[in-house]
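Residue numbers (this note's numbering), protein chains in the order written: chain A, 522 to 755; chain B, 522 to 755; chain C, 522 to 755; chain D, 522 to 755; chain E, 522 to 755; chain F, 522 to 755; chain G, 522 to 755; chain H, 522 to 755.
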């Protein structure tokens, strides 16, 4: 007789981190890869029962169908592979400004995951696409837009040079988001990751390959610091 | 007849990036590794002639002796391997607060490079040492100090778990600084780097192994955003 | 004319290690990956003919169907990918206590393979799930349960920090089980593996990525040492 | 003016983990690599002031001279690179039995670090040397000695096959200790590490390359479990 | 309009190395991976037209069907993934003796590719399976058979220790054949490859991962040297 | 409700680099991998609307069908995975000569991508196939053809030795094109890449693994320099 | 009695490739690393006896002293680590133009090796230094100088982005020269190498890390093609 | 009080494998790297006391001085880093023929280690140097010499192409010996190793990087098979 984990009640495999909001100010997010459909759905249902907004990342279309069938208000972004139900604030109350800059069309998946995450947590975001360094005038054409932001996410695959070039042109933090775009010696994003880590321009810090969520989350934290009044006595 | 690059005038091998201040708000820094003593000294002299404050990183004791002989006001930190002449503001005018948290005594070199950089650019910094996750109560004992900061630098070698544990406990950005502390499968900091990049806690971005300067610079940018009044219209 | 290895009698490709029980105290286990269905089935039939209990690991659902058709008493665990027929002792006679601690829901596959193996060989096991270090209070909430065990298996992917944090909190051996959970710089479990190998907390030893069986086997050996009376004269 | 960390009082860079004994049953150990002579000495003095026994690992001869000058009772083992002052119990009270098996003469450094650590924490240890698998009869000649132990440490460089061969011959846990012995494709111990992790023999868990201390610590934990009476109610 | 290379006549993409026989004593072999079905078939037809025997390696079942439809005398070995038409001599004229020793059932694919290649070129071969080092008595039970050979191929995945153990027990060359059997830190055969390259036993040389053909070819060359009368004047 | 990037107008994700022609003399090329069918098609339509010739690389058959349905004049090369509409000049006006030399039949995909790219940009090309170094006389038989070229592309997988051997025999630049042909320690082209980078023969520079386009582009630049009259005053 | 290779006459270990000039148009160069002083000197003496000009690369100062003592006309460049005696043509007859562009002062060693090599073989060279992408206006300030060249060498360490940015701005081939400048994740030049190989800008080919000689040699070949009249009939 | 391993009697750390001769036909060899001078000397004295001939590998000059002081008949080869006392047979009785072919002067260290080992065990050896593939006519000039051998050792660093080119030209086994010659992407011999493992020419097997001893030992085994009369009935 075969048995599977779907026989288990959700509390036996997942512990909703309810105090996360108290500790960090933000609710938990569901990393959907590596979970069975049953596991992911059970966790989302549990979170909704507790009234928590839900952001699922690395969600495939099968999960999307399962969730949108149950929660018609869920929004699935096929390119970003995110699924969202609710959010921390309505769009019109989003604060500050984050610029998400993508080197090429192929980097849009990761870039849009960053957009979705930052917006979910309440930041205003502008997405600027296809301004890779191979045609650097395209970047200069958008420089004023980029400079208006409190923090910049630079998403690029292949050699990942975009982050360093931008960091040399602005006075705010750059979150570098390496993507798995490329082939051969791109090694699934490793080249971009290494290039971003070793950039000779200061003002860059880096997240995992294709971790648009992490970039958006970190940028949101920084953007909120910029948007709030300075601490009285740190 | 042997000739060397020391025959060349400095303008033939180094271009002081004078407009860097305009573009990014901060003066250039001298990365001393890989430069001959003559090259590094010539660049520093040129910067002083132009009235720029100087921060040299990855400076060894030979360079320290050369520079302090010429500029008695230079401060050399043997552990951080930094050399500083002047700074962006006097210590009493430093702003905000950055917490630099080091996992162990062996991580202090990288951590203090971060401290020196952030202070050079005008941030107030608190260094908290030897609170690695193997004895996690030591970290909890300092948690209130850590939580007062606008941004946190977590310096750790070996498995680099400190960054993720802290990020799960605070509501501000964590800059993860992997160090080359360790041996064998630590691979000169690679294990710490990978651990920090793949942490399951959000709110972390990572700089290069032993790049205390980069961590301090990035933290300073974020700290300044937190310390200034919010932008009127981003 | 095409011929395949299924033409061969089983004794021509597999040597049942019958004296293994004498040497090591435990029967052989069938590693099913990389074997054809015919090969795996033939080996299992041979073992049953000799009255040996069977534990198959890395078994897919096709093999499960083949084996449960022939041996209705076989138990297949789809998450653990194990198939078991019989065991060394009935559940009520299992000894001692092993705690299997999984960082997240996605780590359950490897964690349950460990559970199945340790139980097959006669250890009592408690599975504690979703207590990763990003929300460390979840771990503390279960610490008393964990501390009751003779030996602990810590299963985690991504940065694998769970093993080091636990080892700093207990006085028994921790077997670290890195999992392939994660993406990008997780490199299929390499980040977790390296993090566990280089942990600054002592009291950890590590098995291969996703090798739940190996963790369970090793923990069972240790648990049995703890559960038996001490050797008279070692 | 150059300043260094030796100006700092020890409490500013090192936090003695005094409650470690309560939590884990064993005092903290000093990892000397990456610390300056001043730092290491200050920590050791502080521990002695509190009456703690001291085990320093990865200690070079310069530190040895510094420490033995101050503490004449200190024992330095140049091959193991350990320095010890006191220990958890006198030699005649050491318990149980650990067999430390070294493949070749070149592996003795790591093997003896394991011996020193296990003895420091109170285990009886037997060291068996130069029984690598290239001349496997040498191993068989010592098999009875090996089988008397509660737990075995197998130290080997190059291909690291010793651990797997032993694990197939005994009924107790094997802690595999890869060493950096070898050249070329040995990659400083990586080949041995990988071979030990992927061994087809169960009953093996692995520590970091050259981590004799970690192997000795883990073996001591297991040996103590075997040497004590079984827990009443786990 | 789409066009493909199948429009090209075979002489435009493949140059049959007809003089190979003169230079090396053996005809060319067809490496089928990475070739389209059309390309592989065209080359085989061309070789048959010239009366050459054919050995195809890394051939999948689709190619097998294509070739056996045209050449009913073709022999396809699904496990070895070889396809053979003819051979250098009839089975009864094969010379000398090669022992192909496989660690486990999962290594049989590579091992049988070696068998097929060595037989194709005229060597007598004995295949000995499932004698991995985890149960070393199984190897000793077959040692006399192994020692009768002029040269030995040792096929193993995971830690690849089999080659070193055998080489310490015999007086003839061992060709080590690492296989991609295993998971996690086996890295698709890299662990076995490294283990074999760094074995402390002399008398081993190594071929590429899963390169059964290369092992069989090299063993055949050595076996022929042993089987022929010694050169008059080298 | 699920939405995808296909809702976006093309100008929101792709910036046609119109001034690229002015800057570099050559129009932009469409890298199709990692783009959705909708994205790739929208970009190609936009380029055609502006009268630009189109070269798409890494295009699969699904995209080929989509594009040839709309643009019947499009040419798809299934082996090269290129799609071309128009070109910089008609075939009869192509200039100079590039020799593309492929080691084996399996390298033809990359080699033909190079041919397609160089011809698209206006170079005359000769493709010479199956002349790998294992049968070096085949290479010598074509040496005169190879020597007539202004620049040579050497495409090879596995050990990639072809580039070095050719460079030792000619007086013009060799562009080395490593391919992903091979298995095991070929590591998807890494062995060939490293071999080409470290060749002891000078006169070689290397492009990414399987980057036939890059090799063809670079060879075209060099061929044009050779075919034009020398600059009056550089 | 100890004997060494210096007992051997030079013809027993080195074969001067005299026909190299006929085949490739250029004399052989002496790679000095890994040769004993005696070996390197013997080879250079032999070449001078035959009237060949000498270029030695990777030469340290000990060799420099040995050679300049015997050949006072030898020129040693300590930064480039080259030693030259004679050359293919006097400086005033050098042809065409190569631009060698170095990202930073630390890259000057590799860059000057390229300069020395290209000049040795008869090309005119301009060296442009310290124009890395972190301050991209410095690059634009020199763009006209760069654009006058027939071929460009871009030398950069760390992330190596300089090559891609330049290639997007010019219409001639770029030879990318990765340097070992950097630390941590720069991995001794690997990051720069990967970044250059995967650049999204076409028109780049890459040489080995720190292979200034190879870059200069390849650039010289291309420059000569540009400087000569086009071939009558290719 | 500091104690070291030199206090131990040799039988406590080294087990002379006396029966090795019976099992494999050849005495044990002393791998000197990683042993202290005292350890290595003690082992050599012990072997001489038992009348065994001694071959020490990876021996530095300090050990050479120690040993030649005690055994004036010892022969030290500084390039090969071998030390030999006696041998299996006098030079005039050496049998068969092995050709050791070195690509360049820098490869002579590894190549001569192979020569020394093969001669020690009783094979006749011819060393052919500086015939790398960059000037392939040098190889052809020596081809007749090479073809007279029973087995060939091909020593090369950098891309290691020599082995594959030779294997395509001869009808006997080639033992490929990768060397650590080179820099940058040569990765200390890894490029050569990978190139040799993946060579498209069959008839090659590979030993560890710089393992001249292993190549010489294996070639000697093969040469002896060729030189003896064929086995009556294998």
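All residues carry an ideal CB built from backbone N, CA and C; glycine is no exception.
Predicted, not measured: the structure shown is a model, and the values here were computed from it.
Tell me the DSSP bridge mates of residue i?
i	result
residue 648 of chain E	E:621
residue 596 of chain A	A:605
residue 699 of chain E	E:677
residue 585 of chain D	Paired residue(s): none; residue 585 of chain D is not in a bridge.
residue 576 of chain C	C:605
residue 616 of chain B	B:644
From this set, the options, which residue's C-alpha is nearest residue i's C-alpha?
i	options	result
residue 553 of chain G	G:706, G:649, G:566, G:577	G:577
residue 640 of chain D	D:656, D:620, D:657	D:620
residue 688 of chain B	B:662, B:717, B:713	B:717
residue 566 of chain G	G:544, G:734, G:590	G:590
residue 534 of chain H	H:544, H:557, H:630, H:615	H:557
residue 696 of chain G	G:563, G:705, G:686, G:610	G:686
residue 644 of chain E	E:631, E:615, E:627	E:615
residue 536 of chain E	F:544, F:549, F:627	F:627
residue 559 of chain H	H:682, H:747, H:580	H:580
When the cut-off is 8 angstroms and only beta carbons count, does residue i lie next to chain E?
i	result
residue 586 of chain D	no
residue 660 of chain H	no
For residue i and chain A, any beta-carbon pair shorter than 8 angstroms?
i	result
residue 749 of chain B	yes
residue 735 of chain G	no
residue 680 of chain G	yes
residue 705 of chain F	no
Would you please state the rounded distance, in angstroms, between the beta carbons of residue i and residue j? I believe it to be under 8 angstroms.
i	j	result
residue 653 of chain A	residue 624 of chain A	4 angstroms
residue 655 of chain D	residue 721 of chain E	5 angstroms
residue 707 of chain D	residue 678 of chain D	6 angstroms
Of all the CB atoms in chain B, is at least one closer than 8 angstroms to the CB of residue i?
i	result
residue 742 of chain C	no
Any beta carbon from chain H within less than 8 angstroms of residue i's own beta carbon?
i	result
residue 617 of chain D	no
Is the CB of residue i under 8 angstroms away from at least one CB in chain D?
i	result
residue 716 of chain C	no
- For the segment 596 to 604 of chain A against the segment 577 to 586 of chain A, are there 3 or more C-beta pairs whose distance is under 8 angstroms? Segments in contact, yes.
- At least 3 beta-carbon pairs within less than 8 angstroms: the segment 640 to 657 of chain A vs the segment 720 to 728 of chain A: no
- Message: Quick check: the segment 627 to 638 of chain F against the segment 735 to 749 of chain F, are at least 3 beta-carbon pairs closer than 8 angstroms?
- Response: Output reads yes: the segment 627 to 638 of chain F touches the segment 735 to 749 of chain F.
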